[in-house]
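A.B. asks: Structure below; questions to follow.
Residue numbers (our numbering): 109 to 173.
Set out below in structure tokens:
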């Protein structure tokens, strides 16, 4: 990685490489189970908390004082 970065900074050609993309797999899983945005919290009882919640509301939802 460092070698490729150095070459790129020097304007040298670097070879194409492919790497695993775990984000794509996680995104596809989310789509399959009906999650369409972030943040999304899935509780241990299976409840889904979709989208942003202000801190106070999130704490109340999670029964945190």
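Glycine included, each C-beta is placed from N, C-alpha and C at the ideal position.
Nothing here was measured: the structure is a model prediction, and the numbers come from that model.
In chain order, what residues of the same chain lie with their CB nearer than 6 Å to the CB of residue 156, ignoring the 5 residues before and after it?
C.D. replies: Excluding sequence neighbours, residue 156 sits near 150.
A.B. asks: Closest to residue 122 by C-alpha separation, out of 168, 143, 110, would be which residue?
C.D. replies: The option with the nearest alpha carbon to residue 122 is 110.
A.B. asks: In three-state terms, what does DSSP make of residue 170?
C.D. replies: Coil.
A.B. asks: When the Cα of residue 166 is compared with those of 112, 147, 138, which residue comes out closest?
C.D. replies: Among 112, 147, 138, the Cα nearest to that of residue 166 belongs to 147.
A.B. asks: To the nearest angstrom, how far is the alpha carbon of residue 112 from that of residue 129?
C.D. replies: Each residue's alpha carbon lies about 19 Å from the other.
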